[in-house]
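Remarks on the structure that follows.
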Amino acid sequence: MTAEPRLRSARSAPVLPGASPDLRLLRLPGFWIVMAVLAAGAVRMSVIAGQFAAAYPIAFLTATGLFALLAVPFWFVVSELDFLEREPLGLQVVAFAWGGLVATTVSIPGSAALDDLIAKLGSPHLAADWGAALAGPTVEEIAKTLGVVAIVLIARAQVNSVLDGVVYGAMVGLGFQIVEDIVYAMGAVALAGRGDHVEPVITTFLLRGFVSGVWSHTLFGALAGAGIGYLVVRGERTLRTRIGVAMLAVLGAWASHVLWNSPLLRDGLGNGALALLAVLVFKGLPPLVLIWLLVRSAHDREADYYAEQLATLDDAELITPAEVEALKSGSRRASARWHARVRAGFRARAAVRRLQRAQARLAVELSRGTPDLGCWRREVRRQRRILTRLGHPEAIAPEGRGPWRRTASAVFSTALAVAVLWAAISTLGGG
Amino acid sequence: MGSVTRRQLTNLLGALGLVAGLGGLAYGLPALNHTLPAERPVPTDRPYEIGGGVTVVPPAGARIDVTETRPAEASGTVLFRLGPVRYFISVQPFDGDLQAAVRRLRHRITGTSGYQVTGTELTVATAGGLAGIQGGYSGPGRGGRYAVFVADGHTIEVTVSGADLDLGRTLPAIDASTRTLRSAPEPTR
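These protein sequence lines map, in sequence, to chains X and C. So the mapping is simple: my numbering equals the position in the first sequence, first residue as 1, plus 75. So the mapping is simple: my numbering equals the position in the second sequence, first residue as 1, plus 375.
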């Protein structure tokens, strides 16, 4: 007897995309409470920003500008994680604002108090060595996780997969990371005691933005968000299991943060490039790999489900079987765009991207059971016609060496960027 | 007027739980922190290790405030309290000269709203041979004294603050303590 092959999406709770948020959420008390909390956080952080701007106006503007620019690629990557069912922009903004305004506002007094408690209940030596590793992660991870809970409270229907939790958690973490980096940069300016100079801002930007940026709050927030996503979505599991998994995920985020902040490996390896590499590999890589595996698993599960929906259309003008396969994976989607650029130029690349988006949107509407799919079908056909006119009628990923060349190019570019950054940091004395 | 639905009630309870969680972090932890005493007795008959290889003999009657004391290998801070007077020493890695270190501290003092440097600066020396510069500052309702030393790739910043009457009473003991500052270079690995 042979077992029937089963889709990954069928092995767990069904993917049920919710309708876009509408005015009904105004009737939820949670919406108004979350808005009030966001407003309070905005007031508090505005006061702090005003103090920075008054004392060091040029440095503050530089820090805000640089870290705002840094947020753009991070935002793009995070919002692209769930390409097939993109989260509403408004909710992404709320998640980002929670991280930047609320979690930071709460963490400043909370972390300081916990650091003091470590010194009082332990010793100043313990606080000096482990205060930053224990106090910050404990308060910050809780404050950030509450941001994903806030999203669930105001738009429960939008959190319908573990991947949604990852996206909102990462957005909360990104908001926190950007604002915290600005605060750190201004702290460096004040500590330097040279007045309104931008050098400490640049050094902080390179060190915190690039060298340690990838391993930072966005990653920890994503892990905790995955746990909240699991708690909300996996209704077929017992409540005890769901709460256990959610707590494990938050604990994982906390542990990753503790490991990153800990004095482990700080002594004994010195301050050279090799030491930095060792720290990145042993402290940063494990949570990065864990999250990557988690995102991939959640994405594949969701992709299976939407691919099944699209396959029922049986209309090659809407989507071909090869396009369904390409749409299921982030790397194959990128390969299809790359392939279009090589064959028909940048306009074809952009057209493939628009077609993929239109197909993904159609899949989501199919899943929602939207009675009239006319406008979504028309949009896919419109994009198909554009692609056909450009001489590249099918958005497929090529077999063979194409993706490897793209990967090699990305690895080379990354290595070059790291080398340039390292040289810049060394020149500025931050290394 | 519509009645409150079960969903709205659950949503309200969830949101209140959220606010309670935030309140616990923002106000609960600081409140718990304030219930515990921060000061500890410290031996005043032997040197105290601040960090970065720098030591000082605390003034008689001083107690250490553990919330602002962070001794580490390459840097460190210590806050002694003599009643209402704060006697704070900070040791940080530094690659400039004494004048640059003094400028840096003056910038930080005057960067705080309402604070200004007063009087002229004088040279000071410790029993261990450290040469430094000392000056005064004032803030809202408080007076203060600062001293800066540079030794072995570190800057040692001393700030003393309190009401004028309290300062007048405790400064001799604090000056005597400052003169016991010593710097021993960190062993190279």
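Even glycine gets a Cβ: it sits at the ideal position worked out from N, Cα and C.
Using the beta-carbon of each residue, which ones in chain C are nearer than 8 angstroms to residue i?
{"i": "I257(X)", "result": "Near I257(X) there are no residues of chain C at all, since even the closest Cβ is about 18 angstroms away, more than 8 angstroms."}
{"i": "I217(X)", "result": "G396, L400"}
{"i": "I123(X)", "result": "Those within 8 angstroms of I123(X) in chain C number zero; the least Cβ separation is about 14 angstroms."}
{"i": "L228(X)", "result": "N386, G389, A390, L393"}
{"i": "V112(X)", "result": "L393, V394, L397"}
{"i": "P130(X)", "result": "The amino acid at residue 130(X) is misidentified as Pro; the sequence shows Ala. What A130(X) touches in chain C: G486."}
So, is the C-beta of residue i closer than 9 angstroms to a C-beta in chain X?
{"i": "A437(C)", "result": "no"}
{"i": "V441(C)", "result": "yes"}
{"i": "Y402(C)", "result": "yes"}
{"i": "A522(C)", "result": "no"}
{"i": "R478(C)", "result": "yes"}
{"i": "Q570(C)", "result": "The structure shown does not extend to residue 570(C), since chain C is modelled only from 376 to 564, so the question has no answer here."}
{"i": "G519(C)", "result": "no"}
{"i": "L457(C)", "result": "no"}
{"i": "R557(C)", "result": "no"}
{"i": "R382(C)", "result": "yes"}
{"i": "G451(C)", "result": "yes"}
{"i": "P433(C)", "result": "no"}
{"i": "G426(C)", "result": "yes"}
{"i": "G486(C)", "result": "yes"}
Who are the neighbours of residue i on chain X, taking C-beta pairs under 9 angstroms?
{"i": "T570(C)", "result": "Here chain C covers residues 376 to 564 and nothing more, so residue 570(C) does not appear."}
{"i": "L497(C)", "result": "Those within 9 angstroms of L497(C) in chain X number zero; the least Cβ separation is about 20 angstroms."}
{"i": "R413(C)", "result": "Going by the sequence as given, residue 413(C) is Ala instead of Arg. Result: D191, A194, K195."}
Answer yes or no: do residue i and residue j have a C-beta to C-beta separation smaller than 9 angstroms?
{"i": "T278(X)", "j": "A265(X)", "result": "no"}
{"i": "G511(C)", "j": "G268(X)", "result": "no"}
{"i": "I226(X)", "j": "L100(X)", "result": "no"}
{"i": "V523(C)", "j": "V460(C)", "result": "no"}
{"i": "W290(X)", "j": "P362(X)", "result": "yes"}
{"i": "Q383(C)", "j": "L103(X)", "result": "yes"}
{"i": "H467(X)", "j": "R428(X)", "result": "no"}
{"i": "G389(C)", "j": "V224(X)", "result": "yes"}
{"i": "I439(C)", "j": "P416(C)", "result": "yes"}
{"i": "D191(X)", "j": "V453(C)", "result": "no"}
{"i": "L430(X)", "j": "L388(X)", "result": "no"}
{"i": "A369(X)", "j": "V241(X)", "result": "It should be noted that the sequence gives Leu, not Ala, for residue 369(X). The answer is yes: Cβ separation under 9 angstroms."}
{"i": "L141(X)", "j": "G284(X)", "result": "yes"}
{"i": "Y521(C)", "j": "I484(C)", "result": "yes"}
{"i": "G116(X)", "j": "W173(X)", "result": "yes"}
Is residue i close to chain C, meaning its C-beta is less than 9 angstroms from at least one C-beta of that chain?
{"i": "R65(X)", "result": "With chain X represented from 76 up to 506, any question about residue 65(X) goes unanswered, as that position is not in the structure."}
{"i": "D379(X)", "result": "no"}
{"i": "T325(X)", "result": "The identity of residue 325(X) in the sequence shown is Val, whereas the question assumes Thr. Taking Cβ atoms only, chain C never reaches closer than 9 angstroms to V325(X), which makes this a no."}
{"i": "T180(X)", "result": "yes"}
{"i": "L196(X)", "result": "yes"}
{"i": "R108(X)", "result": "According to the sequence displayed, residue 108(X) carries Ile and not Arg. Yes, I108(X) lies at the interface with chain C (some Cβ there is under 9 angstroms from its Cβ)."}
{"i": "L29(X)", "result": "It is not possible to answer for residue 29(X), since the shown part of chain X is limited to 76 through 506."}
{"i": "G300(X)", "result": "no"}
{"i": "G506(X)", "result": "Low confidence applies to G506(X): its pLDDT is 40, below 50, so where it sits in the model is not reliable enough to give any reading."}
{"i": "P184(X)", "result": "yes"}
{"i": "L221(X)", "result": "yes"}
{"i": "G140(X)", "result": "no"}
{"i": "A78(X)", "result": "Note on A78(X): pLDDT 43, under 50, position unreliable in the model; no value is reported."}
{"i": "V177(X)", "result": "yes"}
{"i": "G174(X)", "result": "no"}
{"i": "V214(X)", "result": "yes"}
{"i": "A353(X)", "result": "no"}
{"i": "G206(X)", "result": "yes"}
Find the residues of chain X that neighbour residue i, judging by a C-beta separation of less than 8 angstroms, and give them in chain order.
{"i": "H482(C)", "result": "G268, R269, G270"}
{"i": "P405(C)", "result": "P184, G185, A187, A188"}
Can you list the residues of chain X that residue i reaches, using a CB-CB cut of under 7 angstroms?
{"i": "P600(C)", "result": "No answer is possible for residue 600(C): it lies beyond the span of chain C, which begins at 376 and ends at 564."}
{"i": "Q474(C)", "result": "Under the 7 angstroms cutoff, chain X gives no residues; its nearest Cβ is about 12 angstroms from Q474(C)."}
Can you name the residues of chain C whose CB is closer than 7 angstroms to the CB of residue i?
{"i": "A170(X)", "result": "Result: empty, since nearest Cβ-Cβ is about 14 angstroms, beyond 7 angstroms."}
Please confirm whether residue i has its beta-carbon closer than 9 angstroms to some beta-carbon of chain B.
{"i": "G244(X)", "result": "Here chain B cannot be found, since the structure's protein chains are X and C."}
Residue i versus chain C: which residues are under 9 angstroms apart at the beta carbon?
{"i": "L306(X)", "result": "Near L306(X) there are no residues of chain C at all, since even the closest Cβ is about 13 angstroms away, more than 9 angstroms."}
{"i": "V224(X)", "result": "G389, G392, L393, G396"}
{"i": "A265(X)", "result": "H482, R483, G486"}
Between residue i and the ligand GDP, is the CB less than 8 angstroms from at least one heavy atom?
{"i": "L209(X)", "result": "This structure lacks the ligand GDP, and indeed carries no ligand of any kind."}
| query | Is there contact here, the stretch 288 to 302 of chain X with the stretch 241 to 250 of chain X, by at least three beta-carbon pairs under 8 angstroms? | reply | yes
| query | Hey, is the stretch 422 to 434 of chain C in contact with the stretch 458 to 473 of chain C, meaning 3+ C-beta pairs nearer than 8 angstroms? | reply | yes
| If we count Cβ pairs, one from each stretch, closer than 8 angstroms, do we get three or more for the stretch 545 to 558 of chain C versus the stretch 497 to 511 of chain C? | yes
| request: Count the CB pairs spanning the stretch 392 to 411 of chain X and the stretch 460 to 472 of chain X that are closer than 8 angstroms, and state whether there are at least three. | output: yes
| field | Runs of alpha helix (DSSP H) wholly within the stretch 375 to 428 of chain X (minimum 4 residues, chain order) | value | 396 to 402, 405 to 419
| request: Could you tell me whether the stretch 353 to 361 of chain X touches the stretch 332 to 339 of chain X, using the rule of 3 or more Cβ pairs below 8 angstroms? | output: yes
| query | Going along the chain, which unbroken runs of the beta strand (DSSP E) with 3 or more residues stay wholly within the stretch 442 to 475 of chain C? | reply | 451 to 457, 460 to 468
| Given 8 angstroms, three or more beta-carbon pairs between the stretch 400 to 418 of chain C and the stretch 177 to 194 of chain X | yes
| Can you give, in chain order, each stretch of the beta strand (DSSP E) that sits fully within the stretch 499 to 533 of chain C and has at least 3 residues? | 506 to 514, 517 to 526
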